[in-house]
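Student: Here's a structure for you.
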Amino acid sequence: MSRLRTLTESVINGDEEAVVKLARQLLAEGIGATEILNEGLIPAMNVVGDRMKKHEIFLPEVLLSASAMKAGLEVLKPLLTAGGASLGPKIILGTVKGDLHDIGKNLVGMMLTGAGFQVIDLGIDVPAEKFAEAIREEKPAIVGMSALLTTTMPEMKTTIDALEAASLRRKVKVIVGGAPVTAEYATRIGADGYAPNAALAVDLVRQLVQ
Ligand code: B1M
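If you read the sequence shown in numbering that gives the first Met the number 0, its first letter stands for residue 0, the second for the next number, and so on.
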């Protein structure tokens, strides 16, 4: 089995220690952080998601895999965020109200930091009012919302409507993402952009701040 495949298996098995060790070894051997991310870590969450859907595994196992995934990301973080002088435009990120998934959002934050943006992460389960408050305080160029559940996607529209009602909508560009979100949905709810992954989120933000 290739080392990257072993890394994937270790995340699936929720073996945090093995994930950290292997990720460090792969980096030391000169394998790029992006390759480790895209070919080692991310495929694991897809397998976990499939098994979860088929009820082959349950929340405790998914949580272990999520922790292992996060530990792997921490190893890559210095490389993914390197190069960012963090003096570029501000971007506020958050996972919408009712939603606790943050691995994808964190990854988007790391890549944006690496691209030189100042990222202010509001965390998970962020209500519309908190986004509004942060816009007033931080005056960001962009607000990014993440949602992983079909049931929390409508919170993105609720937040956009709340920003409109608070006369804040025109002051920022709003971007959205997360596995169930689509470009068509983004347009429908009045967002300025959608990105299917973290690398494309960086491209999108660059376009929007030009
Ligand atoms: Co959850 N979960 N989960 N879960 N979970 C999903 C999303 C699910 C698809 C699994 C499944 O059934 N196949 C399913 C949703 C089904 C649906 O809505 N249709 C699901 C469910 C049902 C649930 C619960 C309801 C389960 C339960 O309680 N019965 C529950 C809900 C809790 C809540 O939020 N209120 C729940 C809980 C959890 C855990 C807490 C155990 C854990 C999250 C831990 C954490 O994040 N700290 C978890 C996990 C890990 C998953 C899966 C397995 C993996 C998600 C992930 O991290 N993917 C997920 C299945 C899956 O997605 N395959 C699943 C890796 C990550 C890198 O990808 O987040 O998509 P992703 O981010 C990508 C892009 O989407 C994009 O860029 C990222 C990087 O490329 N992106 C953006 C994301 N945000 C962006 C923002 C942007 C731009 C791009 O701009 C701002």
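We put the CB at the ideal spot given by N, CA and C, even for glycine.
#1: Measuring straight from C-alpha to C-alpha, what distance separates residue 4 and residue 35?
#2: Looking only at its chain, what residues have a beta carbon closer than 7 Å to the beta carbon of residue 194, apart from the 5 residues adjacent to it on each side?
#3: Does the distance between the C-beta of residue 100 and the nearest non-hydrogen atom of ligand 1 fall short of 6 Å?
#4: Going straight from the alpha carbon of residue 284 to that of residue 27, what length do you get?
#5: Taking the C-alpha atoms as reference points, what is the distance between residue 136 and residue 206?
#6: Identify, in the order they occur along the chain, each residue of the same chain with its Cβ nearer than 7 Å to the Cβ of residue 99, setting aside the five sequence neighbours on each side.
#7: With a cut-off of 8 Å on the beta carbons, I'd call residue 104 and residue 112 a contact; round off their distance for me.
#8: Using DSSP with H/G/I as helix, E/B as strand and the rest coil, what is residue 174?
#9: Express the C-alpha separation of residue 133 and residue 233 in angstroms, rounding to a whole number.
#10: Have a look at 142, 149, 148 and 147 and flag the residue whose alpha-carbon is nearest the alpha-carbon of residue 158.
#11: Does DSSP put residue 29 in a helix, in a strand, or in coil?
#12: Going along the chain, which residues of its own chain have a beta-carbon closer than 7 Å to the beta-carbon of residue 191, five neighbours each way excluded?
#13: May I have a chain-ordered list of the beta strand (DSSP E) segments no shorter than 3 residues that lie completely inside the segment 26-109?
#14: If you drop the 5 nearest sequence neighbours on each side, which residues of the same chain put their C-beta closer than 8 Å to that of residue 162?
#15: Residues in its own chain within less than 7 Å of residue 21 by CB, not counting five upstream and five downstream?
#16: Out of 32, 48 and 31, point me to the one whose CA is closest to residue 12's CA.
#17: Measure the C-alpha to C-alpha separation of residue 18 and residue 72 and round it to an integer number of angstroms.
#18: Going residue by residue through the segment 137-167, where are the continuous beta strand (DSSP E) segments of at least 3 residues, counting only ones entirely within it?
#19: Since residue 125 sits in a beta bridge, which residues does DSSP pair it with?
#20: Thinking C-alpha only, which one of 76, 51, 87 and 108 is nearest residue 23?
#21: Please confirm whether any heavy atom of ligand 1 lies closer than 6 Å to the CB of residue 103.
#22: Going by C-alpha to C-alpha distance, which of 188, 184, 182 and 148 sits closest to residue 52?
Tutor: Once the coordinates are examined:
#1: Within the sequence shown, the letter at position 5 stands for residue 4. Within the sequence shown, the letter at position 36 stands for residue 35. Rounded to whole angstroms, residue 4 to residue 35 spans 10 Å at the Cα level.
#2: Taking the sequence shown and counting its residues from 1, one reaches residue 194 at position 195. 174, 176, 200 and 203, listed in sequence order.
#3: Within the sequence shown, residue 100 is the residue found at index 101, counting from 1. Because some heavy atom of ligand 1 lies under 6 Å away, the Cβ of residue 100 counts as near it: yes.
#4: Past the edges of the chain, shown from 0 to 209, lies residue 284, and the structure says nothing about it.
#5: For the purposes of this step, residue 136 is taken as residue 137 along the sequence shown, with counting starting at 1. For the purposes of this step, residue 206 is taken as residue 207 along the sequence shown, with counting starting at 1. Spanning the two alpha carbons is a distance of roughly 24 Å.
#6: By 1-based counting over the sequence shown, the position of residue 99 is 100. Cβ within range, chain order: 123 and 124.
#7: Counting from one through the sequence shown, the residue named residue 104 turns up at place 105. Counting from one through the sequence shown, the residue named residue 112 turns up at place 113. No, residue 104 and residue 112 are not in contact; Cβ-Cβ is about 13 Å, not under 8 Å.
#8: Numbered from 1 along the sequence shown, position 175 holds the residue referred to as residue 174. Residue 174: strand per DSSP, three-state reduction.
#9: The question about residue 233 has no answer here: the residues shown for the chain are numbered 0 through 209.
#10: Against the sequence shown, residue 158 aligns to sequence position 159. When each option's Cα is compared against that of residue 158, the closest is 142.
#11: Along the sequence shown, one-based indexing puts residue 29 at 30. Coil, per DSSP.
#12: Translated into positions along the sequence shown, residue 191 becomes position 192. Cβ neighbours of residue 191 beyond the five flanking positions: 172, 173, 174 and 207.
#13: 89-94
#14: Counting from one through the sequence shown, the residue named residue 162 turns up at place 163. Hits under 8 Å: 127, 130, 131, 134, 142, 168, 171 and 173.
#15: Along the sequence shown, read from residue 1 onward, the residue named residue 21 stands at position 22. Around residue 21: 2, 5, 6 and 9.
#16: Position 13 of the sequence shown, counting from 1, holds the residue named residue 12. The shortest Cα separation from residue 12 among 32, 48 and 31 belongs to 48.
#17: On the sequence shown, residue 18 is found 19 positions in, with the first residue counted as 1. On the sequence shown, residue 72 is found 73 positions in, with the first residue counted as 1. Answer to the nearest angstrom: the Cα atoms are 10 Å apart.
#18: 141-145
#19: Within the sequence shown, numbered from 1, the residue matching residue 125 stands at position 126. Answer is 95, bridged to residue 125.
#20: Along the sequence shown, one-based indexing puts residue 23 at 24. Among 76, 51, 87 and 108, the Cα nearest to that of residue 23 belongs to 76.
#21: In the sequence shown, the residue the question calls residue 103 occupies position 104. Residue 103 Cβ: within cutoff of ligand 1.
#22: Within the sequence shown, residue 52 is the residue found at index 53, counting from 1. Closest by alpha carbon: 148.
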